[in-house]
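All residue numbers for the sequence shown refer to our numbering, where the first residue is 4 and numbers rise by one.
The beta-carbon is built from N, C-alpha and C at its ideal position, and this holds for glycine as well.
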Amino acid sequence: MEVKEAINQRRSIRAYLEKPVEREKVEELLTLASKAPSAINLQPWEVMVVAGEERKRLSRLLVKRMKELQVSCAPGAVSRLPDEFLRRQRELFEVLSPVIPDGMQFQDFINEGSCNFYGAPVALIISIDQVFSSARLTDIGIFVGYLLLSAHTLGLGTCPIGLITAFQDEIKEELNIKENKNIVIGVAVGYPDPDAPINQIKTPRVSLEKIVRWRGI
Ligand SMILES: Cc1cc2nc3c(=O)[nH]c(=O)nc-3n(C[C@H](O)[C@H](O)[C@H](O)COP(=O)(O)O)c2cc1C
């Protein structure tokens, strides 16, 4: 598959088949993601692969803490943004709302779904040592970008899960991750449910005029 094709086809997957992902396949995925460039080739990313019963146990803990602390990434959770960004956020919720599974409240679907990695058999917990400055988050972002696209070419679906970063201490304790690491993001990985309406959604993007300015060309 061409990179261009993968970029155009990839989307966040929020419904997965129960089929486990083979360890070799996860290794292949991480090997591809590790080809990402990084400043001075520091490769500051660290990945904890959590699967099967361990993933479910982690999710139970995250759902419990999410409810106790009332953490949310659903509408209203981020309100101090300029109007343009609030509009983009609203637009996302408008495209997702009509296809959330029957009987579920939108907030519950997103918040509990995120803590459950949307039922994906594998959760990747990506962290960085606190020795690095925030500039190195760029490297993590590139690594995750490579990972999402590589997964797509391997027939795997993914969803980045930022919500879990609210539970730094809980995750570190549960997974025996050292105190001096920061959890940057989680990623759900699994085989997409091809029939789930939520997986058919293509989210919009703003036009280039909104984000690009030109000089000398
Ligand atoms: C850093 C980051 C954090 C995200 N966190 C979440 C999350 O916690 N829950 C969720 O359902 N989606 C999450 N997403 C997925 C975004 O909602 C999604 O990428 C965006 O709406 C664009 O849709 P697409 O990935 O289908 O192109 C996150 C994406 C990124 C890049």
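query, result
"Please state whether DSSP places Thr161 in a helix, a strand or coil.", "strand"
"Three Cβ pairs or more, each shorter than 8 angstroms: is that satisfied between the stretch 187–204 and the stretch 154–168?", "yes"
"Could you pull out every residue in the same chain whose Cβ sits closer than 7 angstroms to the Cβ of Met69, ignoring the five residues on either side in sequence?", "Asn114, Cys118"
"With DSSP collapsed to three states, give me the class of Asp198.", "coil"
"With DSSP run on the structure shown, which of helix, strand or coil describes Leu84?", "coil"
"Please confirm whether Ile204 and Ala18 have their CB atoms less than 8 angstroms apart.", "no"
"Determine the closest residue to Ile214 out of Phe88, Val53, Glu25, with distance taken between C-alpha atoms.", "Phe88"
"Roughly how many angstroms lie between the CA atoms of Pro85 and Arg91, to the nearest whole one?", "10 angstroms"
"Report yes if the C-beta of Thr156 is less than 7 angstroms from at least one heavy atom of ligand 1; otherwise report no.", "no"
"Note down, one range per segment and in chain order, each beta strand (DSSP E) of at least 3 residues found wholly within the stretch 119–193.", "125–132, 160–164, 184–193"
"Under 8 angstroms: do the stretch 173–191 and the stretch 130–141 share three or more Cβ pairs, one atom per stretch?", "yes"
"Any heavy atom of ligand 1 inside 7 angstroms of the beta-carbon of Arg63?", "no"
"Around the C-beta of Leu152, are 16 or more other C-beta atoms found within 10 angstroms, so that it is buried, or is it exposed?", "buried"
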